[in-house]
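Going down the list, the protein sequences come from chains A and B.
Position 11 of the first sequence, counted from 1, bears residue number 11 in this note's numbering, the numbering being contiguous throughout.
Position 315 of the second sequence, counted from 1, bears residue number 1315 in this note's numbering, the numbering being contiguous throughout.
For reference, the structure discussed in these notes is given below.
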Amino acid sequence: MLTNEEVAQTIINQFGETVSDFDDPYDLLTFSTDRDHIVSVISYLKEHPVYKVGFLTDITAVHYPDSTGKEFCVVYHLHSLTNNFRLRIKVYLQADDVHVPTVIPLFAGANWMERETFDLFGIIFDGHPDLRRILNMEEMDYHPMLKQFPLEDDTRKDKIDALFGR
Amino acid sequence: MISEDLNIAKKNATGSELPARNDNGPVQYVNELTTLNLGPTHPATHGIFQNILQMDGEKIVSGEQTIGYIHRAFEKIAERRPFYQITTLTDRMNYCSSPINNMGWHMTVEKLLGVDIPKRAQYIRVIMMELARLSDHLICNGILGVDTGAFTGFLYIYQERENIYDIYEEVCGARLTTNMGRIGGMERDLSPTAIRKIKELLVRFPKVLTEFENLFNRNRIFMDRVVNVGGITAERALSYGFTGPNLRAAGVDYDVRVMNPYSSYQDFEFDIPVGQSGDTYDRFMVRNEEMRQSLRIIQQAIDNLPEGPHYADAPQYYLPPKQEVYKNMEALIYHFKIVMGEIDAPVGEVYHAVEGGNGELGFYLISDGGRTPYRLHFRRPCFIYYQAYPEMCKGLTLSDAIVIMSSMNVIAGELDA
């Protein structure tokens, strides 16, 4: 049974300064890295003889419009089926430079997850063979999950956030 | 290829070789592929999604999927809704097993809030989730029968699905989009009628299932259609992010109920059936065996149903009984606060996974302490494994492609979310 501390220490030893923000909210090891190292971190964990983090559970993104310089966060959920160990890796991106390398060479299933993230958030996965919209129609010229697009009609006075919260 | 065949046919029919057409120039023999649209509204796709197949005669050369026809932006809508209102969104993902989605969402929020659920509520949830799995697998396997030309099995087991829906109705009042349970427990205890109906189902269902299996398992026509059709290796399946029965059919014994037990699954004894080649037959057999295991779990849960309350002692999160609201000041306040979404959710991020009808159904919830999630992402198993479909039906015939699709159990609602 792997512990979060043990895995975190191994990753720090291997990658040093490029991995940071180690945390374990609700017992799920979470850390951040930058986009230059995300592929090497994931492939290191995948090839590791003991950890064998060989299952990509999910890729998604989060938009934080108020945190300057870290407006976007791409979140990878990985799972080691051998050790029954899950972890979460985050890559923070600037709003004007939303490029991150693709992980399709490591996991074939990343294809549609990345397309979905592109569709909803506009994150560009460099090296993706077919980065098109997947859920929305091709003609759409915006990315709907960004926080600047309100769900409610602005002209509705009975549903304003000041009264009802977000 | 096609035009060559045609020419041979012409030659044989007339007995002598036809002269090449020369009115519009010489006939060009090009190896031309046919584009075939399977869907978006085709009865065999069981939902609205399109497959554009490139066919060489009867053989599929390549395929491309178009999805998103019923994309309803649940993740966006969820950012405007208090936690308890999101339950109704989860219903509409995998609508063949909505109670699993409902419970998965409740458990995610309970994990965020740190609420412990009493054993009785956990057992009731297990019963409902396993009933949902039964109805999900029934539909999948029944429709696989229909697509191979056997309608009888489908109609026969649909009666049992109807009985499962009657149990849902007894427990929560709804049948398809159930909105079952609450954050903090179940909305009401199992009624004596519900318990009677579940016990009746446990007696009747194994016989029906045996008869269904007798119709199919060693049926020559059925086996010819499904054995060695659409196989996938365990390695490829893992790379594609397969989960659930489709992964287990490929020989990987990954089941969230065993790996990360939730809602007291560790109390029950059951087996995980696995297949070998990951083909359509294995998927069919794994689902059938999982139904038997689900029955075992329900039997154990109903036999050992613990006494006690069916909801957690967390009045700030669990909607109080209505009669209390009329008489009790505190209940009225909590009722108002919960309905208005003013619960004190902590800041945090949670990933919680349950074993859905067709794989690991995950909820990634980020809360910033507001009344709604800051971000909610659904890991939909269908969406992730459906991308392997062109690879699985490459080189096979169109009729195989139909069978593979029904055996993969792709539910359009979950695919698009």
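Cβ atoms here follow ideal geometry from the backbone N, Cα and C, with glycine treated the same way.
Everything numeric in this text was worked out from a predicted model, so none of it was measured.
The contact set of R132 of chain A on chain B, defined by CB atoms closer than 8 angstroms, is empty, because the minimum CB distance reaches about 10 angstroms. If you draw a straight line from the Cα of Y1385 of chain B to the Cα of T60 of chain A, it comes to about 16 angstroms. Put simply, the segment 140–148 of chain A touches the segment 53–70 of chain A. At least three CB pairs are less than 8 angstroms apart.
With a threshold of 7 angstroms between beta carbons, H1071 of chain B makes contact with chain A.
Taken through DSSP and simplified to helix, strand or coil, L1038 of chain B comes out as strand. Short of 8 angstroms from the beta carbon of K1197 of chain B, and not among the five residues preceding or following it, lie these beta carbons of its own chain, in chain order: N1163, D1166, I1167, E1170.
Around the C-beta of K90 of chain A, 16 or more other C-beta atoms lie within 10 Å, and the residue is accordingly described as buried. Under the DSSP definition of a beta bridge, L1176 of chain B lacks any partner. A residue is called buried once 16 or more other Cβ atoms fall within 10 Å of its Cβ, and R1204 of chain B, having fewer, is exposed.
Counting other Cβ atoms within 10 Å of its Cβ, Y1123 of chain B reaches 16 or more and is therefore classed as buried. Beta-bridge pairing by DSSP links N1217 of chain B to no other residue. Contact note: R1379 of chain B reaches chain A through T57, D58, using a C-beta cutoff of 7 angstroms and chain order.
I124 of chain A is positioned such that its CB atom lies no closer than 7 angstroms to that of V103 of chain A. In the DSSP assignment, F1378 of chain B forms a beta bridge with B:F1363. Under the 10 Å beta carbon count, I1221 of chain B is surrounded by fewer than 16 other beta carbons and is classified as exposed. When rounded, the separation of the alpha-carbon atoms in K1076 of chain B and F1216 of chain B is 43 angstroms. Exclusion of the five residues before and after T117 of chain A leaves I59, T60, A61, V74, I123, F125 as the residues of its chain whose Cβ lies within less than 8 angstroms of its Cβ. Chain-order list of chain B residues neighbouring E152 of chain A: R1080, by C-beta distance under 8 angstroms.
When B:H1071, B:E1110, B:D1136 are compared, the shortest CA-CA separation from I1100 of chain B is found for B:D1136. For the segment 1336–1351 of chain B, the beta-carbon criterion of a distance under 9 angstroms to any beta-carbon of chain A is satisfied by M1340, G1341, E1342, G1348, E1349, V1350, Y1351. In its chain, beyond the 5 residues on either side, H63, P65 have a beta carbon closer than 7 angstroms to the beta carbon of K147 of chain A.
For a cut-off of 8 angstroms, the C-beta gap from I1117 of chain B to L1138 of chain B is around 28 angstroms, too long to register as a contact. T1088 of chain B sits away from N1228 of chain B, with the two beta carbons spaced by 7 angstroms or more.
Against I1366 of chain B, the close residues of chain A are V62, in the order they occur along the chain (beta-carbon pairs closer than 8 angstroms). With fewer than 16 other beta carbons inside 10 angstroms of its own, F1336 of chain B counts as exposed. Sequence-distant Cβ neighbours of F72 of chain A in its own chain, meaning closer than 8 angstroms and more than five residues away, are A61, V62, H63, Y64, Y92, L93, Q94, A95, V98, F121, I123. Between R1380 of chain B and E1330 of chain B, the C-beta spacing is not below 7 angstroms.
The residue among B:M1093, B:E1130, B:L1144 with its C-alpha nearest the C-alpha of L1201 of chain B is B:E1130. DSSP, reduced to helix, strand and coil, places D1368 of chain B within a strand of the structure shown. With a contact defined as Cβ atoms closer than 8 angstroms, E1160 of chain B and V1208 of chain B qualify at about 5 angstroms.
R1120 of chain B is positioned such that its CB atom lies closer than 7 angstroms to that of H1310 of chain B.
Within chain A, no C-beta atom comes less than 7 angstroms from the C-beta of G1231 of chain B; the nearest is roughly 16 angstroms away.
A residue is called buried once 16 or more other Cβ atoms fall within 10 Å of its Cβ, and E1110 of chain B is buried on that count. A distance of 7 angstroms or more separates the beta carbons of F107 of chain A and H79 of chain A. For secondary structure counted as the beta strand (DSSP E) over 3 or more consecutive residues, the segment 3–63 of chain A holds these complete runs in sequence order: 19–23, 29–33, 55–63.
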